[in-house]
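Residue numbers (our numbering): 30 to 588. The C-beta atom is built at its ideal place from N, Cα and C for all residues, glycine as well. All values derive from a computational prediction rather than experimental measurement. First up is the structure itself, then whatever we jot down about it.
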């Protein structure tokens with residue numbers, strides 16, 4: 030029987046401070062918090078307005094190599110690094126995304142960190158939290174209901190029911206809802222048409238919430254959502270349907286950032302949760318900007334590998350938010366790098382220097398990618414018990430030969446204490462190296478040129494293949510003047526290619542674009558490769574089957 034405690038056991042044993050105390054230590058008064066019990070709160074817009082002229086702290090992005098089943102620990106590193114920075118006297122805030130219930134009950138797990146580098150109360154954060162996900166789901170589906178209602182009551186906007194592009198959403202993995210028919214049941218139930226569901230975190234409403242600057246900007250962006258095309262081929266928007274005001278009303282609390290704490294009482298802003306393989310993969314701009322005003326350093330993360338979340342953070346979020354990141358931490362594990370070098374998951378416990386040497390190519394490419402944005406880089410290696418000294422020495426040597434600073438950390442096992450060396454090396458980089466951040470491309474280029482820039486520069490591909498239907502969709506965007514926007518790639522997270530089985534850092538391939546759609550309210554164009562599902566499915570044995578609750582309300586099996 031193992032003596033290693035589960036994440037939930039560690040979280041349940043920790044001593045949380047009242048969130049009012051945590052916030053007070055970083056300059057937020059109790060009057061500026063809207064409490065959800067003792068340990069969760071939303072920060073009011075009055076506080077955000079009060080702080081808007083304060084000097085910004087340093088912005089640090091945590092990203093990773095291409096993810097593997099071996100695990101990388103990006104959230105754990107983000108949280109552990111924040112704790113470590115506070116331990117060495119740097120007033121540090123953390124900003125993370127909110128977990129989606131789909132992965133919580135599916136296979137991936139939550140997004141509250143792990144071991145002794147967690148945000149708490151982890152059960153609440155991983156479940157309903159402050160209700161933001163439900164508000165986003167409701168706002169999205171209000172718009173869906175209004176579209177069908179408009180058609181049912183005369184269709185004065187002449188919406189072409191064959192060209193409705195707006196989908197319903199649910200914050201759950203449910204493959205049966207990917208393609209559905211609505212309106213069955215005769216005249217009283219509306220007009221029959223094909224529809225489909227996406228997971229809530231893929232909704233444009235989520236992206237808008239995460240890129241809006243305030244409530245009125247949110248409402249304006251919601252109004253720009255293209256929901257369909259009319260019989261003349263012109264776009265129909267949420268503002269045309271006239272429900273953008275009601276949608277904003279549903280989101281009036283959800284737009285306020287949530288504040289919680291880590292196991293070591295470091296404050297954490299957890300707000301917004303778009304997936305990075307479907308959407309843009311970053312927490313809200315509001316939370317990031319707030320954290321920059323409240324601390325010397327803000328540590329935030331972007332989803333999946335640097336080729337996805339970090340690229341979108343730097344090309345979409347920073348562009349719109351006028352943010353200038355100061356450094357990037359790229360998370361890797363020796364285990365994961367060996368998988369990129371060809372080792373099966375079952376064989377990762379054995380030393381394999383050849384596979385580690387080969388798998389280093391993925392880390393090297395991700396470092397190169399971040400340098401293309403003009404950013405200083407630190408490699409953060411999560412230590413595992415099976416890592417041998419020879420493997421550690423080889424990885425350290427390869428990083429040094431490539432000219433990138435590297436630090437091992439034990440944040441999972443030791444919390445902030447296990448990340449002190451990493452924190453010290455990061456501070457040295459922040460003090461001595463200059464960020465020359467710039468986006469990768471000009472958004473005014475053609476869609477094809479922007480796509481080619483991303484796939485060649487970031488993925489290492491030879492170019493793109495744009496399928497016939499996607500070419501038509503791009504032409505349509507050009508005709509209606511919505512093509513001069515940044516690109517948001519919807520691509521597998523497991524590979525630089527669009528084939529999830531191809532690991533490492535391959536060359537000599539092309540990326541196939543199957544579908545192109547505009548998120549006009551969010552302000553980007555989603556380009557989808559051939560194997561991406563915007564509504565995931567549950568695995569054969571979902572995590573939900575291992576979860577339970579007893580008569581005292583104690584939860585088990587939640588990681």
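The beta carbon of residue 560 is closer than 8 Å to those of 521, 527, 528 and 529 in its chain, skipping five residues each way along the sequence. Contact between the stretch 467-486 and the stretch 449-459 is absent: fewer than 3 CB-CB pairs across the two stretches fall below 8 Å. Between the stretch 178-185 and the stretch 194-209 there are fewer than three C-beta pairs closer than 8 Å, too few to call the two in contact. The distance from the Cβ of residue 286 to that of residue 87 is about 19 Å, inconsistent with a contact at the 8 Å cut-off.
DSSP, read as helix, strand or coil, puts residue 122 in strand.
Spatial neighbours of residue 96 in its own chain (CB-CB distance under 7 Å, excluding positions within 5 residues in sequence) are listed in chain order as 333, 334, 522 and 523. It is roughly 38 Å from the alpha-carbon of residue 91 to the alpha-carbon of residue 581. Per DSSP, residue 295 lies in no beta strand (DSSP E) and is assigned neither H nor E. With contacts defined by Cβ atoms closer than 8 Å, residue 382 and residue 423 form a contacting pair. When secondary structure is reduced to three states using DSSP, residue 378 falls in the coil class, being assigned neither helix nor strand.
For the 8 Å CB-CB criterion, residue 224 and residue 196 form a contact. Residue burial is scored here from C-beta neighbours: residue 568 has fewer than 16 other C-beta atoms within 10 angstroms and is therefore classed as exposed.
For the stretch 436-515, the full-length beta strand (DSSP E) segments reaching 3 residues or more read 492-495 along the chain. Judged by DSSP secondary structure, residue 133 falls within the alpha helix (DSSP H) whose first and last residues are 130-134. The beta carbon of residue 176 sits closer than 8 Å to the beta carbons of 188, 193, 195, 256, 257 and 270 from its chain, once the five residues preceding and following it are set aside; these are given in chain order. By a beta-carbon distance limit of 8 Å, residue 554 contacts residue 517. Their separation comes to about 7 Å. Apart from the 5 residues on each side of it in sequence, residue 316 sits with its Cβ closer than 6 Å to the Cβ of 124, 286, 298 and 300 in its chain, given in chain order.
Secondary structure of residue 222 (DSSP, three-state): strand.
Within the DSSP bridge table, the entry for residue 411 names 362 and 438 as partners.
Here residue 278 is not near residue 172, since their CB atoms are 8 Å or more apart. Excluding sequence positions up to five before and after residue 519, its CB lies within less than 6 Å of the CB of 307, 555, 557 and 561, all in the same chain and listed in chain order.
The Cβ atoms of residue 310 and residue 341 lie closer than 8 Å to each other. Assignment of residue 329 by DSSP, reduced to helix, strand and coil, places it in the strand class. Residue 112 has its alpha-carbon roughly 12 Å from the corresponding atom of residue 327. Within the same chain, Cβ atoms closer than 7 Å to the Cβ of residue 153 are found at 69, the five residues on either side in sequence being excluded.
Residues 111, 114, 115, 295, 324, 325, 326 and 328 of the same chain have their beta carbon placed closer than 7 Å to that of residue 121, with the five preceding and five following residues left out of the count. In this model, residue 417 and residue 339 are separated by some 30 Å (Cα to Cα).
The continuous alpha helix (DSSP H) containing residue 239 extends over residues 233-240. In the three-state scheme derived from DSSP, where H, G and I count as helix and E and B as strand, residue 90 is classed as strand. Contact annotation: residue 538 and residue 491 have beta-carbon atoms nearer than 8 Å.
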